[in-house]
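To start, the structure under review is shown below, and the notes come after it.
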Amino acid sequence: MTPDIVQMVLVTIVAAATPLMIAAIGELVAERAGVLNLGVEGMMVLGAAAGFAVAVETGSTLLGALAGAGAGLALSALFGILTVVLSANQVASGLAMTILGLGLSGLVGGSYVGLKREAAPHLDWPGLTDLPGIGRLLFGQDAFVYLAFALVAGVWWFLWRTRAGLTLRAIGDDHTATHALGLKVRKVRFLAVLFGGACAGLAGAYLSLAYTPFWAPAMTAGRGWIALALVVFASWRPLRVLAGAMLFGGATVLQLHAQAAGLGLPGQALSALPYLATILALVLLSLGRRHGGSLAPAALGRVFTPHR
Amino acid sequence: MRIDLTPRANRSALADALAPFLAFLAALLVGGIVVAAMGRSPAAAFATYFVAPLSEVWSLQEVALKAAPLALIATGLAFCFRANIWNIGAEGQFVVGGLCGGWIGVASHGAGGNTLWVLPLMLAVGTLAGMLYGLIPGLLKVRPGVSEILTSLMLVYVAELLLDYMARGPLRDPAGFNFPQSVTFDDAARLPYLMEGDSLHAGVAVALAAIVVATLVLGRTLFGFTVRVVGASPRAARFAGFSDARLTLAVFAVSGGAAGLAGICEVAGKIGQLQPSISPGYGFTAIIVAFLGRLSPAGILVAALVIALTTIGGEGAQIDLKLPLDLTRAFQGLLLALVLGADALSRYRVRLVPGATA
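Chains as they are written, first to last, in my numbering: chain A, 79 to 386; chain U, 315 to 672.
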């Protein structure tokens, strides 16, 4: 293989990894604060529909991306009211958001099925972008990709280098003790949920504005769930989200290439690959840390009700 | 402003029972506003959704046919959810049950002689297949400790792809003009109709029987007691010597089996052959039904009928009022969200404290 073919494959892997990275880094923040949001898939698909609709109406990819993030944010606000304010069950509320998001995305995107848009432009930096072997990979991506990497770096910095990040992690580990210390458990959790929702919506907008520049019903195809698995896979650590997303992106691309090459395997078996890989990764991970105990935030998924 | 939640000392049974109805009314209100915003008459929409399906015998039967798989799956799920086990892959267990049971229907096609064994075998194989498929996330949770939420869901996609492959490939009708579907089952492989000339098949009776059995098991047996104790207080259950692992496997077997049975009932009842897709999301809708029915079999029966009514009404609204089917799904998601919110209001006293910080 020539370096250029390797580069081409790597570019497609990065593209496949980007939505997973954005959605997973948002969910990681919410889970670090102690909230398990199973609504990621719904927020993502609603973000894809809203982002595409606004981009078509305004002609602006930027506005589309903002609308996608906003739609995810709005749905996560409802989730936050249920789980953080009203102490409703997080699992059931998250599922409700996924069902609601899928339905709403159909309503929002209904009249845009079949329309196409120009994909979000790729960076073109004369000289740098044309560098053989690495130019397209490093200097020729679209803005979403750079934003995704910046988000991961920013979340890492926030969680491990700032006092607010420390507070957030402490709240996710023991809400009772942090509450007793006077930290604002519910406020922090609500903000973390909103951040996660906005990221999920943005990840959806990436799908409909850059990855496949059209909207189709249920086009997220389980990527929101894979993002959730990715957080577990990354042991709730931001930089490992990066590595994990590349791995899952790789599985997706491999599957596509294998289908194109006609390996003699049924297409359905190859399509099942990313889901099976997810299960396998989770199993191997659990086996690997048999003795270390769970790395999850201790209060993850537990309802907090302040008593006074 | 701060919002305080104080657990209510003595919860009112009336408020508990009324909460889902209040949530339903609130969902109707929001739904009506959405319909009005789309430029249609909310009154006409309500009539199409909730009155029209109840006004004719055939549509009443359609409601019952839709409610049966929902009630059956949700009853199984109630065992899981009560024990704080989150099987959200019932859709996959439904598909695998329909596929494996349906396989018998394909294999026995055109077999001569005594065919009385075909239907019982189909039902047994379908139930067993759903059970085994449900046990995969159960086992992975018990042994290596993988979250059952993610594995059960990933297996839905795998099951759907497997069915798609089988219906287009090995099980396709060779004389079917290349249509991606299996042979039409013989009568011996079809669920009998409850009454001559009606569309109600025996699957409806199966669902009703399951609800009765589940009520007895939950209320009158040690297993049902264990499920309830573990759900209410996992620590107490551990002190009492109940095994987490065994219970996890048991509730996965129950819910997987119920979903598998629902799957083969749908295939042997309404559909009558294998197709690339056999479920309009019954496994996911059943999650709404389970919560709407407050995880009790009797409540689930009512909830399944209500959700089935909105689905049949939604199909009518799609034809009559050109309202998209997604409206029904959004409505159902909103309904679940509101039910969970209403639950909180019946469990806690909510006070707004202006000026204070959270």
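Note that CB positions come from ideal geometry on N, CA and C, so glycine has one too.
Would you kindly check if the distance between the Cβ of residue j and the Cβ of residue i is under 8 Å?
i, j, result
"U/A567", "U/G448", "yes"
"A/L114", "A/G366", "no"
"A/L206", "A/F217", "yes"
"U/L477", "U/V371", "no"
"U/F335", "U/L609", "no"
"U/A622", "U/V518", "no"
"A/L164", "A/G120", "no"
"U/R322", "U/R663", "yes"
"A/A305", "A/V118", "yes"
"U/G415", "U/G440", "yes"
"U/A481", "U/A524", "no"
"A/G274", "A/M122", "no"
"U/A392", "U/I633", "no"
Can you tell me where the alpha helix (DSSP H) with residue i in it begins and where it stops?
i, result
"A/L144", "T139 to G158"
"A/T330", "P316 to A339"
"A/A276", "V263 to Y284"
"U/L477", "E462 to R482"
"U/V410", "A404 to A421"
"U/Q375", "V371 to R396"
"U/T535", "Careful: U/T535 lies outside any alpha helix (DSSP H) and carries neither H nor E."
"A/Y353", "L351 to G366"
"U/A489", "Looking at the DSSP string, U/A489 is not in any alpha helix (DSSP H), and its letter there is neither H nor E."
"U/W400", "It is not in any alpha helix (DSSP H) - U/W400 carries neither H nor E in the DSSP assignment."
"A/S171", "Q168 to G187"
"U/G440", "V432 to V456"
"A/G250", "R241 to D251"
"A/W303", "R301 to F311"
"U/F360", "P356 to F360"
"A/M122", "V118 to T136"
"U/D558", "D558 to E580"
"U/F553", "P548 to F553"
"U/Y596", "Y596 to L606"
In terms of residue numbering, what span does the beta strand (DSSP E) encompassing residue i cover?
i, result
"A/V162", "Unbroken run through A/V162: none, as it is neither H nor E."
"U/R663", "Y662 to V667"
By the three-class DSSP mapping on this structure, what secondary structure does residue i have?
i, result
"U/A672", "With a pLDDT of only 49 at U/A672, under 50, the local geometry of the prediction cannot be trusted, and the value read off the model is given with reservation. Reduced to three states, the DSSP call for U/A672 is coil."
"A/H257", "helix"
"U/I317", "strand"
"A/V92", "helix"
"U/L328", "helix"
"A/D220", "strand"
"A/F236", "helix"
"A/F292", "strand"
"U/K636", "coil"
Assign residue i to buried or exposed, taking buried as 16 or more other Cβ atoms, counted over all protein chains shown, within 10 Å of its Cβ.
i, result
"A/V309", "buried"
"A/R264", "buried"
"A/F157", "buried"
"A/Y224", "exposed"
"U/R504", "buried"
"A/N167", "buried"
"U/L666", "exposed"
"U/N492", "exposed"
"A/I177", "buried"
"U/A327", "exposed"
"U/N401", "buried"
"U/D657", "buried"
Exercise. Can at least three beta-carbon pairs, one atom from the segment 133-148 of chain A and one from the segment 102-116 of chain A, be found at a separation below 8 Å?
Worked result: No contact exists between the segment 133-148 of chain A and the segment 102-116 of chain A.
For this session: Could you tell me whether the segment 343-360 of chain U touches the segment 531-539 of chain U, using the rule of 3 or more Cβ pairs below 8 Å?
Result: Contact annotation: the segment 343-360 of chain U does not touch the segment 531-539 of chain U, with fewer than three C-beta pairs closer than 8 Å.
Problem set entry | Any 3 or more C-beta pairs closer than 8 Å across the segment 417-430 of chain U and the segment 496-504 of chain U | Touching, yes, given that three or more Cβ pairs across the two stretches are closer than 8 Å.
Exercise. For the 8 Å Cβ check, are there 3 or more pairs between the segment 276-293 of chain A and the segment 117-131 of chain A?
Worked result: The answer is yes - the segment 117-131 of chain A touches the segment 276-293 of chain A, with three or more Cβ pairs under 8 Å.
Exercise. Can we say the segment 570-578 of chain U touches the segment 624-632 of chain U, given the rule of at least three CB pairs closer than 8 Å?
Worked result: Fewer than three pairs of CB atoms, one per stretch, sit closer than 8 Å, so the segment 570-578 of chain U makes no contact with the segment 624-632 of chain U.
Exercise. Can we say the segment 458-471 of chain U touches the segment 322-341 of chain A, given the rule of at least three CB pairs closer than 8 Å?
Worked result: As far as the Cβ criterion goes, the segment 458-471 of chain U does not touch the segment 322-341 of chain A, which means the pair count is below three.
Exercise. Within the chosen definition, does the segment 249-269 of chain A reach the segment 317-330 of chain A through at least 3 CB pairs nearer than 8 Å?
Worked result: These segments do not touch.
For this session: Report yes or no: do the segment 439-448 of chain U and the segment 542-562 of chain U share at least 3 C-beta pairs separated by less than 8 Å?
Result: In this structure the segment 439-448 of chain U does not touch the segment 542-562 of chain U; the number of beta carbon pairs closer than 8 Å is below three.
Exercise. Does the count of Cβ pairs from the segment 79-88 of chain A and the segment 291-298 of chain A closer than 8 Å reach three?
Worked result: With the cut-off at 8 Å, the segment 79-88 of chain A and the segment 291-298 of chain A do not touch.
For this session: Please confirm if the segment 350-359 of chain U is in contact with the segment 629-646 of chain U, defined as three or more CB-CB distances below 8 Å between the two stretches.
Result: Contact holds: three or more Cβ-Cβ distances are below 8 Å.
Problem set entry | contact_flag[the segment 594-613 of chain U, the segment 397-408 of chain U] where n(CB pairs < 8 Å) is 3 or more | Under the Cβ criterion (8 Å, minimum of three pairs), the segment 594-613 of chain U counts as touching the segment 397-408 of chain U.
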